[in-house]
Amino acid sequence: MTGTEKVLLTVEGLTKAYPGVVANSNVSFRIMEGEVHSLLGENGAGKSTLVKMIYGLVRPDTGRMTLRGQVYEPSAPKAARAAGVAMVFQHFSLFEALNVAENVALGMENPPKQSELSQRIRQVSEAYGLPLDPARLVGDLSAGERQRVEIIRCLLQDPKLLIMDEPTSVLTPQEVEILFKTLRQLSAEGTAILYISHKLEEIRALCDEATVLRRGKVVDTCQPREKSARELAEMMVGETLTPPERSGKAPGPVALDVSGLSARSPNPFGTALQNIHLTVQRGEILGIAGVAGNGQDELLLALSGEIRTAKDAVKIDGKGVGDLGPNERRAVGLVSAPEERLGHAAAPDMSLTENALLSGAVRKELTSRGFIDWAKTRTFAAGIVKEFDVRTPGIGTAARALSGGNLQKFVIGRELSQDPSVIVVNQPTWGVDAAAAASIRQALIDRASGGAAVVVISQDLDELLEIADRFAALNGGRLSAPRPTQGLTVDEIGLMMGGAHGMEVAHVHP
Amino acid sequence: MDLSAINPLVLIASLMVSATPILLAAIGELVVEKSGVLNLGVEGMMIVGAICGFATAVETGSPLLGFIAAAAGSALLSLIFAVLTQFLLANQVATGLALTLFGLGFSAMLGQGYVGLKPPSTPTLHIPVLSDLPVVGTMLFSHDLMVYVSLALVAAVWATLKYTRVGLILRAVGENHDAAHALGYKVIRIRILAIMFGGACAGLGGAYLSLVRVPQWTEGMTAGAGWIALAIVVFGSWKPWRVLLGAYLFGGISVLQLNLQAAGLKVPVQYLSMSPYLITILVLVIMSANRSRAALSAPASLGRSFHASH
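Top to bottom, those sequences are chains A and B. Heads up, the first sequence is in our numbering, so the first residue is 1 and it goes up one at a time. Heads up, the second sequence is in our numbering, so the first residue is 1 and it goes up one at a time.
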């Protein structure tokens, strides 16, 4: 930042309430031209609602905004784009069946002809070190390349303010470095960046200013470079955090043995698993990292039994189960919790009791001769709610009505309460607040100490480094050889995850 | 059996007439499905179009006004579907089925006074030079206006989807309605317009049945044409030219099997009657056998309700 800075955007007293929840309450802050400003806060702190108001997707109830001194009241994203505000979304707003140029055209007000647009995409992508072929289908691109499409879509409109909502959650550390170079170049050219993330080290590395939100209110502002990650986290959560405790016990015999596992994906844009080998001992946690879409979902399906394979590709306690379905595998001792809470791990419109029954029936013997033992099921469900501190009005509440974090605690709790010998979870703390995430991690560690073999698939590297004993990475459906977590550096992990996925490293400002 | 009784010239000419109702309904449904909406009410919209067109043509004496009324009537009917599924978020499959049942009953009621009447005949176009060509002239260029309208519609839909911004937005809405909404496109408005276009096309198809193909009004006269149009859209991988191929294949085999029956082919009639359905679907399934590419052209949001959460 230079001394000649000017105020770009001011936000004063913005308030937005939804039925039952105040998403933003009297939020004020300002952004200078060329500044990289961070919005910091947990899930549900109101960051997304706030940026949606700035981008014109949501209208504030009260409050006002100014952009370069003018009153700024975008009624639609169109108006925001016209005023020079562009946004890169958390969940990509891309169309997989369309090509890069078509995707870019959809985000512009008056796109030029396809041939001319392709030319401009090439120019901009080269100027910012983000090579991209305009004719490729977005469905065939890696996560890092998809994000380039979004960024280039924004850059073609020459924005004054670029909003980025959790941009790095799907990138490898190397890809993050390329992105940061681009963002620093933009900032040097005078474009302000509003950067939303809960990854504290990234914010410390990139951002000039930070506004901290908690439960919809601004609780603090700071210069992130002068704070430690721990201090930032405590500002965000509002309480002191305790890292999970590990037991130092030596692992027992091998409980899960996967050898030569290959499987096609049930999803047309999915990734096939290729010749996966892994073993997990009792008392051990194996962490599996990887950028989204590199076979995580498929690996969970193949382990849980939703995809069936050769009998001996998956063995539990030495018994081949590769050809068995989920309930038969549960009977042998393997439980699993997929990433998607609503619709995959839990039936949204069924009560917690019914959801407990769906997965627990086999191991907890909740049925007899085809009839449901409701008393026993209710006891089981109530036990989960109590032990895992699930905040719910009761066990008769529909799964859909629970917040993401509470439902996640219920889903994980339901599986862990079945006295399993093998546990497989995908993204156990995705979208869960810090306190709930800590309790879920502690529960996984406790089950491992209790003699279960645990596989944690996650995109959160910090989480894996915190709880896993050994670490492997999925890349293009192949699994790297597992390595002990201790002594691993972030660079090494990045290389295991596929480095920059063959994307050229940026060649800006040599 | 006397195959010489089958005249290939007449066969091709009547193939085009026979395929046009299905082609019209299918190209309309293709646009609806490309926008991400599954409207199973094609059959109901067709038959309502058939009676609206028939009644208007009989009352005014103008087949052209009949076709316009058919398009308007079915578009209005499709608006019921649009309101139920887009605003009230009703299930699209159930609503579409209900629309078919409603259309069948409603058309029977409207048509009570029109059974047994004869509609004014729709004139065939005389295109200078082309219609006078030997062989090709009688085969391809001696039809009524609607045959050419249906072909022009196929070309227009293909070009619009492929080359224009409107087409791109329509495909985007059908592919990922959440992303389209996030970019500021009016998902619901676009879908309603697509649904009404589909309704109008189905109405034209129905009116073609009652005014040209049959031509008279009987209850339930569409006899499954709407369903075969739906099947052709899916098995034609949502591609306009394949839909044309499917419709003409179906029309062609329908006409051929009638001719074969007349020629006394020694095959049970039932097999001949089912052959258009079997062969059309078989051919289109084989053409779209490449799963990955077929999946690509299927609109990813097809049949899913859209509700802007924030």
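Beta carbons: idealized from backbone N, C-alpha and C, even for Gly.
* Mark A/Thr489 as exposed unless 16 or more other C-beta atoms lie within 10 angstroms of its C-beta, in which case mark it buried. => In the first sequence, residue 489 of chain A corresponds to position 489, counting from 1. When all chains shown are included, A/Thr489 counts as exposed.
* To do: Could you check how far apart the C-beta atoms of B/Met45 and B/Leu84 are, in whole angstroms? I think they sit under 8 Å.
  => As a working mapping, residue 45 of chain B is identified with position 45 in the second sequence. As a working mapping, residue 84 of chain B is identified with position 84 in the second sequence. Their Cβ separation, rounded to whole angstroms, is 14 Å, which puts B/Met45 and B/Leu84 out of contact at 8 Å.
* B/Leu258 Cβ short of 6 Å to the ligand GTP heavy atom set -> Judged by which ligands are present, the structure shown has none, so any question about the ligand GTP falls away.
* **Supposed close pair B/Val311, B/Ala194 - CB separation, criterion 8 Å** => This structure leaves residue 311 of chain B out entirely; chain B is present only between 1 and 310.
* Report the neighbours of B/Leu168 on chain A: residues whose CB is nearer than 8 Å to its CB, in chain order. => If you number the second sequence from 1, residue 168 of chain B lands on position 168. Result: Leu98, Glu102, Ala105, Leu106.
* Note the first and the last residue of the continuous alpha helix (DSSP H) segment covering A/Glu209. => Working through the first sequence from its first residue, we reach residue 209 of chain A at position 209. First-last for A/Glu209: 209-214, but that is the beta strand (DSSP E), not the alpha helix (DSSP H).
* Compute the Euclidean distance between the alpha carbons of B/Leu272 and B/Leu9, then round it to the nearest angstrom. => As a working mapping, residue 272 of chain B is identified with position 272 in the second sequence. As a working mapping, residue 9 of chain B is identified with position 9 in the second sequence. Going by the C-alpha atoms only, they are around 21 Å apart.
* To do: Indicate the three-state DSSP secondary structure (helix, strand or coil) for B/Tyr114 in the structure shown.
  => As a position in the second sequence, residue 114 of chain B is number 114, starting the count at 1. Of the three classes helix, strand and coil, the one that applies to B/Tyr114 here is helix, per DSSP.
* Within 10 angstroms of the Cβ of B/Leu101, are there 16 or more other Cβ atoms? Answer buried if so, exposed if not. => On the second sequence, residue 101 of chain B is found 101 positions in, with the first residue counted as 1. Exposed.
* **Pick from A/Asn99, A/Asp389, A/Gly107 that is closest to B/Gly184, judged by C-alpha positions** => As a first step, residue 184 of chain B must be located in the second sequence, where it is residue number 184. Comparing Cα-Cα distances from B/Gly184 to each of A/Asn99, A/Asp389, A/Gly107, the minimum goes to A/Gly107.
* Could you tell me the boundaries of the alpha helix (DSSP H) in which B/Ala19 lies? => Within the second sequence, the letter at position 19 stands for residue 19 of chain B. Here the alpha helix (DSSP H) through B/Ala19 covers 8-34.
* Given that A/Ser480 touches chain B, what residues does it touch there, using C-beta distances under 8 Å? -> Position 480 of the first sequence, counting from 1, holds the residue named residue 480 of chain A. Under the 8 Å cutoff, chain B gives no residues; its nearest Cβ is about 27 Å from A/Ser480.
* Asked: A/Asp349: buried (16+ other C-beta within 10 angstroms of its C-beta) or exposed?
  -> Indexing the first sequence from 1 puts residue 349 of chain A at position 349. So A/Asp349 ends up on the exposed side.
* Just the C-alpha distance for B/Leu125 and B/Ala13, rounded to the nearest angstrom, thanks. => Along the second sequence, one-based indexing puts residue 125 of chain B at 125. Along the second sequence, one-based indexing puts residue 13 of chain B at 13. When rounded, the distance between both Cα atoms is 14 Å.
* At a cut of 8 Å, does the stretch 470-480 of chain A reach the stretch 287-298 of chain A through at least three beta carbon pairs? -> yes
* Asked: Who pairs with A/Lys16 in a beta bridge, going by DSSP?
  -> On the first sequence, residue 16 of chain A is found 16 positions in, with the first residue counted as 1. Answer is A/Asn24, bridged to A/Lys16.
* Based on Cα-Cα distance, which residue from B/Thr218, B/Leu302, B/Leu282, B/Ala300 lies nearest to B/Leu117? -> In the second sequence, the residue the question calls residue 117 of chain B occupies position 117. Nearest C-alpha to B/Leu117: B/Thr218.
* To do: Note down, in chain order, each residue of its chain lying with its Cβ closer than 8 Å to the Cβ of A/His507, except the 5 sequence neighbours on either side.
  => Counting from 1 along the first sequence, the entry for residue 507 of chain A is found at position 507. Residue confidence for A/His507 is low, a pLDDT of 43 falling below 50, so the modelled location carries little weight and cannot support an answer.
* Asked: Using a Cβ-Cβ distance under 7 Å, would B/Val17 count as near chain A?
  -> Here residue 17 of chain B corresponds to residue number 17 of the second sequence, with the count starting at 1. Judged by the 7 Å Cβ criterion, B/Val17 is not in contact with chain A.
* **Uninterrupted beta strand (DSSP E) stretches inside the stretch 166-239 of chain A (no shorter than 3 residues)** => 192-197, 209-214, 217-222
* Asked: What's the call for A/Ser48, buried or exposed, on a 16-neighbour Cβ count within 10 Å?
  -> Residue mapping note: residue 48 of chain A aligns to position 48 of the first sequence, counting from 1. The residue in question, A/Ser48, is buried, as its Cβ has 16 or more Cβ neighbours within 10 Å.
* Roughly how many angstroms lie between the CA atoms of B/Ala225 and B/Phe67, to the nearest whole one? -> Here residue 225 of chain B refers to the residue found at position 225 of the second sequence. Here residue 67 of chain B refers to the residue found at position 67 of the second sequence. For B/Ala225 and B/Phe67, the distance between alpha carbons rounds to 18 Å.
* Proximity test, Cβ basis, 7 Å: A/Lys113 and chain B -> What you label residue 113 of chain A is simply residue 113 of the first sequence in a count that begins at 1. It does not: the Cβ of A/Lys113 has no partner Cβ on chain B nearer than 7 Å.
* Does the Cβ-Cβ distance between B/Ala25 and B/Ala229 come in under 7 Å? -> What you label residue 25 of chain B is simply residue 25 of the second sequence in a count that begins at 1. What you label residue 229 of chain B is simply residue 229 of the second sequence in a count that begins at 1. For B/Ala25 and B/Ala229, yes; Cβs fall inside 7 Å.
* **Interface flag, A/Lys78 vs chain B, CB-CB below 7 Å** => Here residue 78 of chain A is taken as the residue at index 78 of the first sequence, counted from 1. Yes, its Cβ sits closer than 7 Å to a Cβ of chain B.
* Limits of the beta strand (DSSP E) - the one that A/Asp257 falls within -> Position 257 of the first sequence, counted from the first residue, corresponds to residue 257 of chain A. Taken as a continuous stretch (DSSP letters only), the beta strand (DSSP E) holding A/Asp257 covers 254-263.
* To do: Express the C-alpha separation of A/Pro159 and A/Ile121 in angstroms, rounding to a whole number.
  => If you number the first sequence from 1, residue 121 of chain A lands on position 121. If you number the first sequence from 1, residue 159 of chain A lands on position 159. Going from the Cα of A/Ile121 to the Cα of A/Pro159 covers about 15 Å.
* When the cut-off is 7 Å and only beta carbons count, does A/Ser93 lie next to chain B? -> For the purposes of this step, residue 93 of chain A is identified with residue 93 of the first sequence, where counting begins at 1. Yes, because at least one Cβ of chain B sits closer than 7 Å to the Cβ of A/Ser93.
* Could you check which residue in A/Gln114, A/Leu156, A/Asn110, A/Val100 has the C-alpha nearest to that of A/Gln123? => Position 123 of the first sequence, counting from 1, holds the residue named residue 123 of chain A. Of the candidates A/Gln114, A/Leu156, A/Asn110, A/Val100, the one whose C-alpha sits nearest the C-alpha of A/Gln123 is A/Leu156.
* **CA-to-CA distance, A/Val85 to A/Val58, given in whole angstroms** => Indexing the first sequence from 1 puts residue 58 of chain A at position 58. Indexing the first sequence from 1 puts residue 85 of chain A at position 85. C-alpha separation (whole angstroms): 14 Å.
* Is A/Thr66 helix, strand or coil when you go by DSSP? -> The residue given as residue 66 of chain A occupies position 66 in the first sequence. DSSP places A/Thr66 in strand when its eight states are reduced to three.
* Would you list, in sequence order, the uninterrupted alpha helix (DSSP H) runs of no fewer than 4 residues that lie entirely inside the stretch 126-196 of chain B? => 136-140, 145-163, 165-175, 177-182
* To do: Please report the Cβ distance between A/Ala337 and A/Val411, rounded to the nearest whole angstrom; I am assuming they are in contact, meaning their Cβ atoms lie under 8 Å.
  => Indexing the first sequence from 1 puts residue 337 of chain A at position 337. Indexing the first sequence from 1 puts residue 411 of chain A at position 411. A/Ala337 to A/Val411, Cβ: 5 Å. Contact.
* Asked: Hey, how far is the Cα of A/Val7 from the Cα of A/Arg30?
  -> Numbered from 1 along the first sequence, position 7 holds the residue referred to as residue 7 of chain A. Numbered from 1 along the first sequence, position 30 holds the residue referred to as residue 30 of chain A. If I take the Cα positions, the gap works out to 7 Å.
* Asked: Between the stretch 259-268 of chain A and the stretch 418-434 of chain A, do at least 3 Cβ pairs fall closer than 8 Å?
  -> no
* To do: Grab me the residues of A/Lys16's own chain with a C-beta within less than 7 Å of its C-beta, minus the 5 sequence neighbours each way, in chain order.
  => Along the first sequence, read from residue 1 onward, the residue named residue 16 of chain A stands at position 16. Ala23, Asn24, Thr49, Met53, Val58, Pro60, Asp61, listed in sequence order.
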